[in-house]
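Residue numbering for the sequence shown follows the numbering used here, beginning at 31 and increasing consecutively. Don't be surprised by glycine CBs; every beta carbon is placed ideally from N, CA and C. The structure under discussion appears below in the form of structure tokens.
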Amino acid sequence: MDLKFRQEKNFTAMFRLVRKAALRMLMVSCLRPSSLRYIGSSQRGDLSLAETLDGDTIQQYTQLARDCGIWLSLGGFHERGPDWDTDRRICNSHIVLDSTGNIVSVYRKAHLFDVDLQSGVSLRESHSTLPGTELVRPISSPAGKVGLGVCYDLRFPELSLALAQGGAEILTYPSAFTVPTGLAHWEVLMRARAIETQCYVVAAAQTGNHNQKRTSYGHAMVVDPWGAVIAQCPEGTGLCYAEIDIAYLERVRREMPVWQHRRTDLYGKI
Numbered sequence: 031m032d033l034k035f036r037q038e039k040n041f042t043a044m045f046r047l048v049r050k051a052a053l054r055m056l057m058v059s060c061l062r063p064s065s066l067r068y069i070g071s072s073q074r075g076d077l078s079l080a081e082t083l084d085g086d087t088i089q090q091y092t093q094l095a096r097d098c099g100i101w102l103s104l105g106g107f108h109e110r111g112p113d114w115d116t117d118r119r120i121c122n123s124h125i126v127l128d129s130t131g132n133i134v135s136v137y138r139k140a141h142l143f144d145v146d147l148q149s150g151v152s153l154r155e156s157h158s159t160l161p162g163t164e165l166v167r168p169i170s171s172p173a174g175k176v177g178l179g180v181c182y183d184l185r186f187p188e189l190s191l192a193l194a195q196g197g198a199e200i201l202t203y204p205s206a207f208t209v210p211t212g213l214a215h216w217e218v219l220m221r222a223r224a225i226e227t228q229c230y231v232v233a234a235a236q237t238g239n240h241n242q243k244r245t246s247y248g249h250a251m252v253v254d255p256w257g258a259v260i261a262q263c264p265e266g267t268g269l270c271y272a273e274i275d276i277a278y279l280e281r282v283r284r285e286m287p288v289w290q291h292r293r294t295d296l297y298g299k300i
């Protein structure tokens with residue numbers, strides 16, 4: 031998705047994509063990753079659109095899930111933090127709605143993107159965003175057991191391994207990688223997380239030029255438990271479809287039984 035600083039246009043574009051996905055009647059369409067996070071030209075602009083979970087934005091997607099009869103994975107959503115009235119800080123949240131529009135899980139991004147670049151540019155997500163304080167147990171969905179992450183979390187194998195140990199069969203990471211990091215690392219990270227956990231990895235991704243300061247890499251992707259890319263969006267806004275085959279996942283885990291071979295006596299459970 032190419033999301034701009036215009037909420038109504040973003041929802042209209044997402045509405046068309048979700049409706050189109052629902053028509054395919056494929057299992058993967060039951061859990062449709064949908065990037066919500068707009069990227070404005072200033073922190074103040076981004077924060078002005080932050081909402082609570084019972085605000086207008088989630089209510090719109092609740093109705094959309096209900097109308098289409100499919101599950102929606104929504105991230106990252108700018109959720110107002112617990113002390114919003116005093117500190118104006120948000121959580122970067124990943125929300126899952128079931129086909130009746132109920133919120134079945136909320137994960138708040140644990141790893142915040144704070145970096146100092148050689149060019150002298152400093153990026154501090156923590157200035158406006160609160161880190162999540164807990165992992166969320168994988169949830170049961172029509173597609174399988176789903177573990178939740180957000181964007182930068184993809185770089186941390188500890189999270190994906192913890193989710194897999196908790197029963198996850200599918201890992202989801204709605205993301206907005208920059209073009210340089212996307213070109214270098216996006217597919218590599220997706221495939222690495224899939225191979226080491228023997229899970230499907232699904233990531234919706236923002237794409238295109240959002241403003242003068244920011245362009246996102248895109249390339250929404252699905253990787254299977256063997257590490258093969260089985261679906262990928264082309265440049266621009268669009269959809270890709272993939273079959274989630276839990277029997278295949280079980281076969282991969284059976285024939286390459288790395289979980290049974292782990293030496294937790296040497297390096298712990300992670």
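Ala235 carries a strand assignment under DSSP once its states are collapsed to helix, strand and coil.
From the listed residues Ser205, Arg284 and Ile274, the smallest Cα separation to Gly248 is found for Ser205. In the structure shown, Gly111 falls within a coil segment according to DSSP collapsed to helix, strand and coil. Between the region 107-123 and the region 149-167 there are three or more inter-stretch CB-CB distances shorter than 8 Å, so the stretches are counted as touching. Note on Gln89: under 16 other CB atoms within 10 angstroms of its CB, so exposed under the neighbour-count rule. Here the region 188-200 does not lie against the region 144-152, with fewer than 3 beta-carbon pairs under 8 Å apart.
It is roughly 14 Å from the alpha-carbon of Leu219 to the alpha-carbon of Thr208. Remark: three or more beta-carbon pairs, one from each stretch, lie closer than 8 Å, so the region 97-109 and the region 41-49 are flagged as touching. Assignment of Ala95 by DSSP, reduced to helix, strand and coil, places it in the helix class. For Ile100, no alpha helix (DSSP H) segment is defined, and its DSSP state is neither H nor E. Secondary-structure assignment with DSSP links Ile120 through a beta bridge to Arg110 and Thr159. Listed as beta-bridge partners of Ala261 by DSSP are Val252. Burial check for Lys39: the Cβ neighbour count within 10 Å stays below 16, so the residue is exposed. In the three-state DSSP reduction, Gly212 falls in the helix class (H, G or I). When DSSP states are grouped into helix, strand and coil, Ser246 belongs to the strand group. DSSP places Asp86 in the helix class (H, G or I) of the three-state scheme. For Leu178, there is no enclosing alpha helix (DSSP H); the residue is found in the beta strand (DSSP E) stretching over Gly174 to Leu178.
Contact check for Val252 against Ala272 passes: the beta carbons are separated by less than 9 Å.
Of all alpha-carbon atoms in Val259, Lys139 and Arg110, the one lying nearest the alpha-carbon of Ser78 is that of Arg110. In the DSSP assignment, Leu142 falls outside any beta strand (DSSP E) and carries neither an H nor an E.
Ser123 places its beta carbon less than 9 Å from that of His108. In the three-state reduction of the DSSP assignment, Thr130 falls in the coil class. Following the DSSP letters along the chain, one finds Thr294 inside the alpha helix (DSSP H) bounded by residues Thr294 to Tyr297. Nearest to Ile225 by alpha-carbon distance, out of Lys139, Asn239, Pro287 and Ile133, is Pro287.
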